[in-house]
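Scroll down for the structure; my scribbles are underneath it.
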Amino acid sequence: MNKLPVAVISDHSPQRALFVSPDMKLETVLERLLDESTHKSIFLIDEKGVLAGIMNLKELLIWGWLHLGLISVPFPLLSERKLRRLGRSQLAADLSIPDSQEMTISLQTTIEQAMNTLLLSNLNVVAVVNENGRVVNDLHVDDLLAYAMKEAKGRINA
Numbered sequence: 002m003n004k005l006p007v008a009v010i011s012d013h014s015p016q017r018a019l020f021v022s023p024d025m026k027l028e029t030v031l032e033r034l035l036d037e038s039t040h041k042s043i044f045l046i047d048e049k050g051v052l053a054g055i056m057n058l059k060e061l062l063i064w065g066w067l068h069l070g071l072i073s074v075p076f077p078l079l080s081e082r083k084l085r086r087l088g089r090s091q092l093a094a095d096l097s098i099p100d101s102q103e104m105t106i107s108l109q110t111t112i113e114q115a116m117n118t119l120l121l122s123n124l125n126v127v128a129v130v131n132e133n134g135r136v137v138n139d140l141h142v143d144d145l146l147a148y149a150m151k152e153a154k155g156r157i158n159a
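For the sequence shown, the tail end lands on 159 under our numbering, and the numbers increase by one without skipping.
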């Protein structure tokens with residue numbers, strides 16, 4: 002089971018990442034995110050469909066609260082430097098997690114390798130890319146768990 006390609010999971014799991022351009026305004030990103038409640042992550046995708054980064058949703062939350070005037074400064078859990086940076090942020094790329102553009106796996110990556118990739122990162126999601134490097138889906142930790150549960154139930158019932 003662990004040597005099967007990620008395509009086995011990816012083909013049956015819905016895409017839950019919102020795809021946006023790195024230069025999209027944060028107001029628009031927030032509107033698109035809230036427009037549909039099925040999104041669990043935000044991928045920054047360049048004009049060729051290649052992952053340019055993964056947005057930090059916690060920073061988007063703070064950004065939204067700042068711009069709606071709901072956070073009083075100073076906010077005790079954030080440094081003043083971070084608050085200033087978030088206050089100046091305007092584009093999706095401004096809230097990209099550093100080096101997250103490297104969080105990709107191919108459709109041929111084994112399930113075991115995908116698990117290792119997720120366990121070694123601080124993220125709960127990776128982008129699944131095709132042979133051209135274009136993002137075709139997202140793989141979340143819960144996708145791996147759901148697949149493992151399905152396989153385990155299948156073995157028990159066999």
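Positions of the beta carbon are idealized from the N, C-alpha and C atoms, including for glycine. Because the structure is a prediction, the values reported are computed rather than measured.
### Message
Taking 8 Å as the limit between beta carbons, can you name the residues of its chain near E106, skipping five residues before and five after?
### Response
The sequence as given places Ile at residue 106; Glu does not occur at that position. Result list for I106: V7, Q114, A115, T118, V127, A128, V129, V130 and L140, in chain order.
### Query
Given that a residue counts as buried once 16 or more other Cβ atoms are within 10 Å of its Cβ, and exposed if not, what is S97?
buried
### Query
If you drop the 5 nearest sequence neighbours on each side, which residues of the same chain put their C-beta closer than 8 Å to that of I196?
Because residue 196 is not part of the residues shown, which for the chain are 2 to 159, the question remains open.
### Message
I need the boundaries of the alpha helix (DSSP H) containing L36, first residue and last residue.
### Response
Strictly speaking, residue 36 in this sequence is Asp, with Leu absent from that position. Run containing D36: L27 to D36, per the alpha helix (DSSP H) assignment.
### Spatial distance of K154 from W64 (CA atoms)
43 Å
### Message
Looking at the strands, I want to know which residues DSSP matches up with L19.
### Response
I43
### Task
Could you work out which residue in M56, D24 and F20 is closest to N125 when comparing CA atoms only?
M56
### Message
By the DSSP assignment, the beta strand (DSSP E) with T118 in it spans what residues?
### Response
Run containing T118: none in the beta strand (DSSP E); it sits in the alpha helix (DSSP H), I112 to L121.
### Query
Apart from the five residues just before and just after T110, which ones in its own chain have a Cβ nearer than 6 Å to its Cβ?
Around T110: V7.
### V129 (DSSP reduced to helix, strand or coil)
strand
### C-alpha distance - V21 paired with M150, whole-angstrom precision
32 Å
### Message
Among S101, R85 and W66, whose alpha-carbon lies nearest the alpha-carbon of S42?
### Response
S101
### Query
How would you write the range of the alpha helix (DSSP H) that L62 sits in, first residue to last?
L58 to H68
### Query
In this structure, does DSSP put L124 in helix, strand or coil?
coil
### Query
Rounded to a whole number of angstroms, what is the C-alpha to C-alpha distance between L31 and G50?
21 Å
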